[in-house]
Amino acid sequence: MTKKILRGMLLGLILGSLINNFASHIPWVQDYLVMGLFHVLGAMFISMLKMLVVPLVTFSLICGVAGIGDIGKLGRVGGKAFAYYMITTALAISMAIGLASLFSPGEGFELAGAAGSSFVAPEAPPLTQVLIDLIPSNPVAAYAEGNMLQIIFFTILFASCMLMVGKAAAPLIDLAERMNEVMMQVVNVVMFLAPLGVFALMAKTFALQGIDLIIPMLGYFGVLVLALLLHATGTLMLLLRIFGKVNPIMFMKKMQTAQVFAFSTSSSNATIPVTLQTVEKRLGVDESIASFTVPFGATINMDGTAIMQGVATVFIANVYGVDLGLTGYLTVIGMSVLASIGTAGVPGVGLIMLAMVFNQVGLPVEGIALIIGVDRLLDMIRTAVNITGDAAVSTMIARSENGLDMYVFNNPDAGIVTDIDLASKPEKEKEVY
Ligand code: ASP
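Positions 196 to 628 (our numbering) are the ones given, in order, by the sequence shown.
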């Protein structure tokens, strides 16, 4: 399945780029193919992924809390996840600022060409509001809107109370377990359609997004991609080796499918079903940990986004000739770590966070207009890095909590989605009934 998805991605990428170069002026190609077939198939596929997120997170979180069994451990896992997520994000952005300062992208950049464009910063939530908004005043509204932090808060509270109630709540836990099993199968069915969905998403993006846009921005683009790669294949892998005591290569191999999903959807949130399945079934992280750390990470942990902010800050500071100094850069690090908590993993949110950061350090927010042209492509890459960070932290926490099944982790074929999964599962049925 991974191969099929990869093939879909490559095919979409090639076809999209060909259309962009040779057929962008042909009306029927634009109307019927790009904005017709590709757009519709891609949008349907993203909706399908999003459709899975709320029920999957809810049921799997209830099972997770029930599986952990004691509130103390839950608190410990929560605390660890928060600390790890913040630390990895801080490491990511510090490295990005260091690397960008070394290469100094943006020095001597021609501002004139971009002067006509402008960027209106979207409203960013103040931190106090982020804290208040953790609590859903109306859980039904939280579910309806898919507000992940609120859903996590309410579900953990509710599931913890199930534990406190004990016997009376046992049938509910049982129900959640069955629902979870069914939802996992729904994920498998959707995954079956993934090669086509991923193909359509890639074809549309690349048909609309000319690669030549990158050329004037090559410095910014190059340093950013380098920093993203270094974080994903360097920092995270080193942390996995040291704290997770696992083989990082095996980890990376197993992450491929989830990374392709993140890349083609540009949304950590929409990728939650795939990340969750990969982390639990392929990497062997205990459900009680993954069910919490994955959706939590998709919402608050954005290493790739933080890296973009680090490089963008140095780039814009260079372009406008502003010297931020050490305090300025430290503020940038602190701000983007905090900003990542309040903004959800959806496409393009990184720019909103960047506006918050710029406001704080006094960089011109309209500078964002300069980088907006290449942001679509970079969003894809950084989203893949974001979810890699979520999975790496989940693995490390699981290891420290004795919740990592090394047999599953070391087995290259564990949890692979195959066509067989689409058939009914007699053994499972026997188990349930
Ligand atoms: N698209 C990213 C994500 O969903 C967020 C961003 O950097 O814009 O993780």
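Even for Gly, the Cβ is constructed at its ideal location relative to N, Cα and C.
Bear in mind that the values here come from a model prediction, so they are computed numbers and not experimental data.
Near residue i, which residues of its chain fall below 7 Å by C-beta distance, leaving aside the five closest residues on each side in sequence?
i	result
L367	M357
L286	T430
E596	V272 and I484
R202	P390
S296	V509
G439	T590, M591 and R594
V544	T538
V517	L558
T526	Q555 and V556
M397	M204, G207, L208, G211 and S459
D574	S461, P542, G543 and G545
V224	I214 and A218
G598	V480, D481, S483 and I484
V381	L247
M350	Checking the displayed sequence, the identity of residue 350 turns out to be Thr instead of Met. So the list reads T253, L256 and I257, once near-sequence residues are dropped.
If contacts are defined as beta-carbon pairs under 8 Å, then residue i and residue j qualify, I think. What distance do you get, rounded to the angstrom?
i	j	result
S462	G540	6 Å
I576	G499	7 Å
T197	T452	5 Å
L546	D570	6 Å
L344	T522	L344 to T522, Cβ: 30 Å. No contact.
V506	V385	Actually they are not in contact, since the Cβ atoms of V506 and V385 sit about 34 Å apart, beyond 8 Å.
S535	T283	In fact, because the Cβ distance is near 10 Å, the residues do not count as touching under 8 Å.
I346	V260	Actually they are not in contact, since the Cβ atoms of I346 and V260 sit about 13 Å apart, beyond 8 Å.
I467	P490	6 Å
T488	A278	Actually they do not touch by this definition, with Cβ atoms about 12 Å apart.
P331	A337	4 Å
V588	Y280	6 Å
A465	K245	5 Å
A422	L294	5 Å
Y415	I566	6 Å
Going by DSSP, name the residue or residues bridged to residue i.
i	result
V480	L599
Can you say whether residue i is buried or exposed, counting buried as having 16 or more other CB atoms within 10 angstroms of its CB?
i	result
Y227	exposed
N333	exposed
L424	exposed
T253	buried
G361	exposed
V393	buried
Q472	buried
N477	Note that residue 477 corresponds to Arg in the displayed sequence, not to Asn. Per the 10 Å Cβ criterion, buried.
F217	exposed
D585	buried
Y524	buried
I410	exposed
P607	exposed
M503	buried
H426	buried
I582	buried
K448	exposed
P222	exposed
T323	exposed
P300	buried
N513	buried
Y602	exposed
M239	exposed
M548	buried
N342	buried
G639	The structure shown does not extend to residue 639, since the chain is modelled only from 196 through 628, so no value can be given for it.
Less than 8 Å between C-beta atoms, sequence neighbours within five positions excluded: which residues of the same chain meet that for residue i?
i	result
Y628	With a pLDDT of 35 at Y628, under the threshold of 50, the predicted position of this residue should be treated as unreliable, though the coordinate-derived value follows. Correct list: empty, nothing qualifies.
M530	M551, V552, Q555 and V556
S355	V260, I266 and L269
Closer than 7 Å, CB to CB, is residue i near chain B or not?
i	result
A507	Checking the listed chains, one finds no chain B in this structure; it contains a single protein chain.
Leaving out the 5 sequence neighbours to the left and right, which residues in its chain are closer than 6 Å to residue i when beta-carbon positions are compared?
i	result
A579	Q454, A457 and F458
A364	M357
I511	L558 and G562
I263	L269 and S483
A395	F233, L236 and G237
F553	V560
V469	A453 and F456
A402	G211, I214, N215 and V229
N375	F254, S255 and C258
L329	L344 and F348
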